[in-house]
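full-length UniProt numbering puts the first residue of the sequence shown at 1, with every later residue one more than the last.
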Amino acid sequence: MKVWGLNSANSQLKKSWFSSPREGFSRLMQVMQDQEWSESIPMLSWAIEHPREGIILVDAGEHPRALEQKNYPALNRMLNRNMVRFPEPFQPALDQQLKAKGIHASDVSHIIITHLHQDHVGYLSLFPKARVLVSRAEFEATEKPFAHMKGYWPSLFPESFKPDLVDFKDGTFHNFESSKMLFDDLWVVPTPGHSPGHQSVIVKSQGRYLVLAGDVTPSMKYFELDTVDMVSAVGGPQQARQSKQKMVQFTKEQHALYLPSHCSTSLPRLEAFYQQKTLA
Ligand SMILES: [Zn+2]
1 MKVWGLNSAN SQLKKSWFSS PREGFSRLMQ VMQDQEWSES IPMLSWAIEH PREGIILVDA
61 GEHPRALEQK NYPALNRMLN RNMVRFPEPF QPALDQQLKA KGIHASDVSH IIITHLHQDH
121 VGYLSLFPKA RVLVSRAEFE ATEKPFAHMK GYWPSLFPES FKPDLVDFKD GTFHNFESSK
181 MLFDDLWVVP TPGHSPGHQS VIVKSQGRYL VLAGDVTPSM KYFELDTVDM VSAVGGPQQA
241 RQSKQKMVQF TKEQHALYLP SHCSTSLPRL EAFYQQKTLA
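Written out as structure tokens, the structure is:
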């Protein structure tokens with residue numbers, strides 16, 4: 001099995017978005033007032049080339065449609081403008097990036113979505129034949145009143161979106177109390193906090209666990225610090241800390257490669273891992 005990364009766009013967020021002692025409304029205000037933008041960060045999805053199951057995607061990127069202000073209520077347009085910006089044009093669509101590797105959209109058998117924020121679901125409609133897996137808690141969160149205040153935009157989901165819901169009934173997986181074993185070398189574990197039903201994907205590739213971690217942390221830099229990103233600070237800071245602690249423990253004990261969606265080091269670290277394997 002081999003994993004590679006697909007970057008749909010580069011963006012910048014306010015620096016205090018990543019880390020701050022403040023939580024709740026006060027954090028939101030801090031981010032709005034912050035004048036400093038972060039370095040450019042990627043919006044990553046992953047393609048798993050599975051020896052028996054075809055191509056499995058983890059997340060489906062950010063589509064340029066997410067920039068169209070008409071998709072958001074007025075309050076959110078203002079929040080968006082003050083929290084995120086895109087300094088350069090978007091990367092080619094995910095199906096084009098796959099095509100460059102000789103993969104057709106119909107080769108994608110499964111898409112596991114870490115969570116349903118817009119930067120992880122953008123290109124879902126390009127893969128109508130794929131089985132889409134979302135945690136039950138995450139999907140239900142999108143159907144609750146004021147779901148848009150938690151960053152869910154059903155208008156950006158594919159038409160009549162009906163994913164398969166993940167319930168984590170396959171028992172413990174190392175230090176995670178519950179898990180879903182999708183295949184004998186691919187597990188999904190609950191990592192709530194950044195969103196109510198956030199999940200992470202763990203695969204075994206060339207003898208090592210790779211963690212496709214979604215937004216458990218915004219990057220590697222904050223992995224072992226007692227901080228949460230702005231979304232978690234407003235939504236579920238305690239859960240986010242617990243999920244991060246479990247992930248830190250797993251990564252250390254298993255010598256796993258931890259790959260968050262928005263870390264500028266995720267792609268180079270993955271590439272270095274496979275290069276070392278080839279050299280060895
Ligand atoms: Zn994200």
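All residues carry an ideal CB built from backbone N, CA and C; glycine is no exception. Predicted, not measured: the structure shown is a model, and the values here were computed from it.
With a threshold of 7 Å, the Cβ atom of His262 counts as near ligand 1, since some heavy atom of the ligand is closer than that. By the neighbour-count criterion, in which a residue is buried when 16 or more other Cβ atoms sit within 10 angstroms of its Cβ, Pro64 is exposed. According to the DSSP assignment, Pro190 belongs to the beta strand (DSSP E) that extends over Leu186 to Pro190. Out of Arg269, Val234, Pro190 and Met149, the CA that lies nearest to the CA of Glu177 is found in Pro190.
Contact between the segment 80 to 87 and the segment 13 to 30 is present: three or more C-beta pairs spanning the two stretches fall below 8 Å. If you draw a straight line from the Cα of Ser135 to the Cα of Pro89, it comes to about 31 Å. Ranked by Cα distance from Gly54, the first of Ala130, His174, His115 and Glu36 is Ala130.
In this structure, the CA atom of Ser232 is about 10 Å from the CA atom of Arg27. Between Leu133 and His115, the C-beta gap is not smaller than 8 Å, which leaves the two residues out of contact.
As DSSP reads the structure, Trp4 sits in a beta bridge with Ala47. With contact defined as three or more Cβ pairs closer than 8 Å, the segment 209 to 228 and the segment 259 to 279 are in contact. Only residues of its own chain outside the window of five on either side were considered, and among them Lys14, Ser16, Trp17, Met83 and Met230 have a CB closer than 7 Å to the CB of Val31, listed in chain order. Note that the C-beta distance between Ser8 and Gly151 is not below 8 Å.
Pairing Gln96 with Ala105, the inter-Cα distance amounts to about 9 Å. Placement of the Cβ of His63 at a distance of 7 Å or more from every heavy atom of ligand 1 is found. By the Cβ criterion, the segment 191 to 211 is in contact with the segment 238 to 256, since at least three pairs of Cβ atoms, one from each stretch, lie closer than 8 Å. Per DSSP, Tyr274 is one residue of the alpha helix (DSSP H) stretching across Ser266 to Leu279. At a threshold of 7 Å, His110 does not count as near ligand 1, since its beta carbon sits no closer than that to any of the ligand's heavy atoms. For Leu210, the uninterrupted beta strand (DSSP E) run begins and ends at Arg208 to Leu212, by DSSP. When the five nearest sequence neighbours on each side are left out, the beta carbons in the same chain lying within less than 8 Å of the beta carbon of Arg208 are those of His255, Ala256, Leu257 and Phe273, in order along the chain. Residue nearest to Ile112 within the set Pro218, Lys204 and Gly61 is Gly61 (criterion: CA-CA distance). Closest option to Asp59, judged by alpha-carbon separation, among Ser155, Ala137, Ser266 and Leu44: Leu44.
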